[in-house]
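Chains as they are written, first to last, in the working numbering: chain A, 2 to 537; chain B, 2 to 537. We put the CB at the ideal spot given by N, CA and C, even for glycine. Bear in mind the structure is a predicted one, so any value in this text is a computation, not a measurement.
There are 2 protein chains.
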Amino acid sequence: MRRWNGWGDEHFSLELPANGAAFLNERIGSARPLRDAELEEVTARVPESRLPPHDRVLTDAETRVRHARGQSLPDWLAMRSGDFGVFPDGVAFPESSDEARDILHWAEEVGAIVIPYGGGTSVAGHINPDPSDTPVLTISLGRMNRLLDIDHESHIATFGAGTPGPLLEAQLKVEGYTLGHFPQSFELSTVGGWVASRSSGQQSLRYGRIEQLFAGGRLETPRGTLEIPTIPASSAGPDVREMILGSEGRMGLITEVKVRVTPVPERESFHTLFFPDWNAARSASRALVQSRVPLSMVRVSNAGETETQLALAGHEALIGALERFLAWRGAGAGKCMMTVGVTGTRRQCRSALRELRHIVKRHHGVYTGTYMGRQWARKRFTMPYLRQALWDRGYVVDTLETATDWDNVDTLTDKVESNLRDGLAGEGEAVHVFTHLSHLYTQGCSIYTTYVFRTADDYDRTLARWRTLKDSTSRIIVDNRGTISHQHGVGKDHAPFLPVEKGELGMEAIRALCQMFDPGQRLNPGTLLSREDETS
Amino acid sequence: MRRWNGWGDEHFSLELPANGAAFLNERIGSARPLRDAELEEVTARVPESRLPPHDRVLTDAETRVRHARGQSLPDWLAMRSGDFGVFPDGVAFPESSDEARDILHWAEEVGAIVIPYGGGTSVAGHINPDPSDTPVLTISLGRMNRLLDIDHESHIATFGAGTPGPLLEAQLKVEGYTLGHFPQSFELSTVGGWVASRSSGQQSLRYGRIEQLFAGGRLETPRGTLEIPTIPASSAGPDVREMILGSEGRMGLITEVKVRVTPVPERESFHTLFFPDWNAARSASRALVQSRVPLSMVRVSNAGETETQLALAGHEALIGALERFLAWRGAGAGKCMMTVGVTGTRRQCRSALRELRHIVKRHHGVYTGTYMGRQWARKRFTMPYLRQALWDRGYVVDTLETATDWDNVDTLTDKVESNLRDGLAGEGEAVHVFTHLSHLYTQGCSIYTTYVFRTADDYDRTLARWRTLKDSTSRIIVDNRGTISHQHGVGKDHAPFLPVEKGELGMEAIRALCQMFDPGQRLNPGTLLSREDETS
């Protein structure tokens, strides 16, 4: 069963290896975990629902607890402390677009605010209710999780919007296809959520972001149904698909999603390489993507991340041997790891590997085979469980991400890292910080920074530490040509920073669209557009 | 100098080869050209300008004639007959974004309608003024035609929006780059026009459509300036870039465009192949794109287009020998030609060619080398001159284009072709029709149909013939899952058909955006949204 107060399945957890704990102890000191609340404590605190009864709407306390929070760090602290804040007044589970439409109408009749809910994996506060005078109805698409149609000529599959990653890939695999969309949240996030939040998967270099995979579908809005037809490309005016992508529940409920699928590739492999320093690693990754080498993934860790990953990998003897080999080949202290995905026909993979080797050599990279890549691929979706393992030792981990042009990658990375590293210096607390570039484009790339700090003596002060780090770094990102989010969306946490990026007129354009689809402003208020923006 | 009444440069023209004329004569009968008007006749008819004087605005008759019409078939007939309809009251030529903004304000002060003008190559009535009680000011971006900045790390170039294709590529080439955007209108169309109309180039398979190339830029709107920052990818809400793409002058004047450029490729070649029939050719093209063979172009002519192209090629002896060779190899009557572009590093080209050969063989294709491909590449931008050559013989040529999913390509092509072929049967007139698929996507492709018919006894009846064919076929396209335009935009000619594709809410969303940027509805009225849509 799914954890009510953290990530993933109750019956799965990661262990922090002993040398990993020692590594963190050495970097930021030893720590003490805070006490976790029990489910019973929390359900006892859930207030009476303000919604009238409806046969598709559950109002029991546990259901409302389980749909009150996402997976952001404040969500985590809320769930662990038991101090949840606001609960939805009920959760609806429509099983078809027609039912979803009916429930949307019912919500309007009873004057409820509506929060569309996919997998509940938001790390930016998309699905948390704010305090309100009117009841809040969360509509979960979770029961709309089936492959509804597949077109073998056009390679288009139609899914219920609530289909989560593993169920989507399993249903496609039977038919011989993959979507190839693998965000870190893959285990729980849904295809409708991917569209609503403009998600990006680990192999976007081959398959594209969800913007490229989303071919059309259906949206139930307060103004009626919007059917987006599947057309491969068009010059017929602004693209309605692109208005719905990133709409974060503000324009309607996405109920059906048509996606562009790919036959299961003949071959796939993941390779690791090491570079003597950051400059070589970053240059090599830029050269790979700007030369259009057809890889499915390139992920480059900076020296801090490389060191941390090797420390946390366990297998001390093996890692020791690897490091001696790398040092002998010129990649010693300061070395940076690159993981590369190669996917396609046998011919395509062979040719991509040939090009890869050619470019890597020019940048003094050392090829270390597929062993570590296989490990990475096997564990790729278990990373979110690491928060629990660290939490149990008294550490808090969160990530910040952005994207910027290549000419700005180093500058922005440095600013983000040093702001985080020094962010708690006032309290005399160290923060452990490291970064990788993952999603690569000819123009630039994403920057994904992880930071670890110790819990304070209580929940409030722990949240305050996070707030200090998050807000100041978010400001640095948007003030330095970064997007407030490359792959996590806006939600409520990033909404105050959006206007810097979109500009005044850009914000007005988004507001005009939300206003058109939802004149009553009943859908997901406070998400995407902060409340101040809405009234301006 | 540019022709005032047709396509391109006055000093260049194409000849119809003798066997080409015989071919058309045999298909649709011999024809007689209509009389062309002289420039002096037309300028004499230009009414007094209704605009007050402004030092950046020209109001002389010839300038107004030269900016009154685009390159649609109705535009052609208007220019040839001398019966232009409405002229703009003046044409402004700003030389900077600031000047463009000033002129936009001035237009508002004097109550003028504004038509943004790039290369004047619209084939859908984007830049033609409608009759109006208020003066019409056309703002040409033609003097903003320079490379303003180039970022060698991020591969982003900034251009004045009025930079036409050849000048854009020439300025990039000096720096070692190409944009790779080659629409048929390349000789005259501009980068701002490409963005405004969601253009697609012949090698979009490698470089992407303008949607993928447009990284950001500047828009001067009645509500102020919108700066779109260059961010490689983002999940921060709906993408403002995508609202401007296809805005067709309704939201503002695009004054600066930042594009994603590519280093000039090491190699490029164009190859031709022949398939025994349509089924084989279409299947092969679908297999190529769905297998992700990294080609830069795939263009497949149906049997009608293949026959016509070979007839119009001249070189009878050579073509005869080719056809005997092809027949011997199994591609006789009904054969279909494919032209393939291979672009990239030496390694990439070699590998792509290997995959091409493998797939083509499975579909019984016959490879005929690069001779015809080289000819095609050399003449690729001269095709629009063919309208003149046919006109001089009394024939009218126009094209219709759409895109649809692979499962619908044959059905829609058949419906479009047979509707055109029989469209003038009531008058006892034959129409010569042929088609190619050019822009290929894993999901589907574009369908590009050319039709040739004879001029009637006068201009009005010739236009009536066109109207009959165009309107009924446009209806068929949108009623059968095609987009009203894959690469020509909406303009005024396609506006009545747009609502079928966008749906009621989609249209309202576009209207809401236009209304937000241009509350006075002063920009390009009747384009994109027909006047009926606007008042609804």
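{"query": "Range of the contiguous alpha helix (DSSP H) that encloses I29 (chain B)", "result": "A19 to I29"}
{"query": "A237 (chain B) vs T484 (chain A) beta-carbon contact at 7 Å", "result": "yes"}
{"query": "Selection of the segment 345-371 of chain B by Cβ proximity to chain A, strictly under 9 Å", "result": "G345, T346, R348, Q349, R351, S352, A353, R355, E356 and H359"}
{"query": "Test item: CB-CB of G253 (chain A) and F518 (chain A) under 7 Å", "result": "yes"}
{"query": "Whole-angstrom distance between N146 (chain A) and G119 (chain A), CA atom to CA atom", "result": "10 Å"}
{"query": "Among B:L514, B:A281 and B:A158, the one whose alpha carbon lies nearest that of V175 (chain B)", "result": "B:A158"}
{"query": "Environment of E27 (chain B) [buried if 16+ CB atoms lie within 10 Å]", "result": "exposed"}
{"query": "Among B:T222, B:W107, B:A465 and B:V501, the one whose alpha carbon lies nearest that of I255 (chain B)", "result": "B:T222"}
{"query": "Rounded Cβ spacing between Q204 (chain B) and G181 (chain B) (contact assumed at less than 8 Å)", "result": "6 Å"}
{"query": "Check whether L331 (chain B) and P277 (chain B) have beta carbons under 7 Å apart", "result": "Looking at the sequence provided, one finds Gly at residue 331 (chain B) rather than Leu. In this structure, P277 (chain B) lies closer than 7 Å to G331 (chain B) by Cβ."}
{"query": "Residue nearest to I116 (chain B) in terms of C-alpha spacing, selected from B:H153, B:D150, B:E154 and B:R70", "result": "B:R70"}
{"query": "Selected residue, minimal CA-CA separation from S73 (chain A), among A:W467, A:P500, A:E533 and A:D480", "result": "A:W467"}
{"query": "Cutoff 7 Å: P497 (chain A) Cβ touching any chain B Cβ", "result": "no"}
{"query": "Contact set between the segment 275-306 of chain B and chain A, restricted to residues whose Cβ is under 7 Å from the partner", "result": "Q291, S292, R293 and P295"}
{"query": "Start-to-end residues for the beta strand (DSSP E) that takes in G91 (chain B)", "result": "G91 to A93"}
{"query": "F454 (chain B), enclosing beta strand (DSSP E) - first and last residue", "result": "G445 to R455"}
{"query": "Own chain residues within Cβ distance below 6 Å of F94 (chain B), not counting five before or after", "result": "S141 and R144"}
{"query": "Residue from B:E509, B:S31 and B:T528 with nearest C-alpha to E430 (chain B)", "result": "B:S31"}
{"query": "Nonlocal neighbours in the same chain, by C-beta distance under 7 Å from S284 (chain A), ignoring five residues either side", "result": "H364"}
{"query": "For K493 (chain A): DSSP bridge partner residues", "result": "Note: K493 (chain A) sits in no beta bridge, so no partner."}
{"query": "Beta carbon of G112 (chain A) nearer than 7 Å to that of V58 (chain A)", "result": "no"}
{"query": "Presumed contact (8 Å Cβ cut-off) between E249 (chain B) and T450 (chain B), rounded CB distance", "result": "Not quite, the Cβ-Cβ distance comes to about 23 Å (not below 8 Å), so this is no contact."}
{"query": "Residue burial classification, T412 (chain A) (beta-carbon count within 10 angstroms, cutoff 16)", "result": "exposed"}
{"query": "Among B:L15, B:P526, B:N6 and B:S50, nearest to R36 (chain B) - alpha-carbon criterion", "result": "B:N6"}
{"query": "Close Cβ partners of S537 (chain A) (< 8 Å) along its chain, the five nearest in sequence each way excluded", "result": "Here S537 (chain A) scores only 46 on pLDDT, less than 50, and its place in the model should not be relied on; the value that follows carries that caveat. Closer than 8 Å at the Cβ level, and outside the excluded window around S537 (chain A), lies no residue."}
{"query": "Three-way DSSP call (helix, strand, coil) for Y460 (chain A) in this model", "result": "helix"}
{"query": "Reduced DSSP secondary structure (H/G/I, E/B, other) of V115 (chain B)", "result": "strand"}
{"query": "R144 (chain A) beta carbon near the ligand MN (any heavy atom closer than 6 Å)", "result": "No copy of the ligand MN appears in this structure; indeed no ligand is present at all."}
{"query": "Contacting residues, own chain, Cβ-Cβ under 7 Å from L215 (chain A) (five flanking each side not counted)", "result": "The identity of residue 215 (chain A) in the sequence shown is Phe, whereas the question assumes Leu. V196, R242, L246, V258 and V260."}
{"query": "For T159 (chain B): DSSP bridge partner residues", "result": "B:D150 and B:K259"}
{"query": "Environment of W329 (chain B) [buried if 16+ CB atoms lie within 10 Å]", "result": "exposed"}
{"query": "Alpha-carbon spacing of A79 (chain B) relative to P89 (chain B), whole angstroms", "result": "15 Å"}
{"query": "Test: T412 (chain A) CB closer than 7 Å to a CB of chain B", "result": "no"}
{"query": "Pair within 7 Å by beta-carbon distance, P136 (chain A) and L189 (chain A)", "result": "no"}
{"query": "Interface positions of the segment 176-195 of chain B facing chain A (Cβ-Cβ less than 7 Å), listed along the chain", "result": "none"}
{"query": "Local Cβ density within 10 Å of G86 (chain A), reported as buried at 16 or more and exposed below that", "result": "exposed"}
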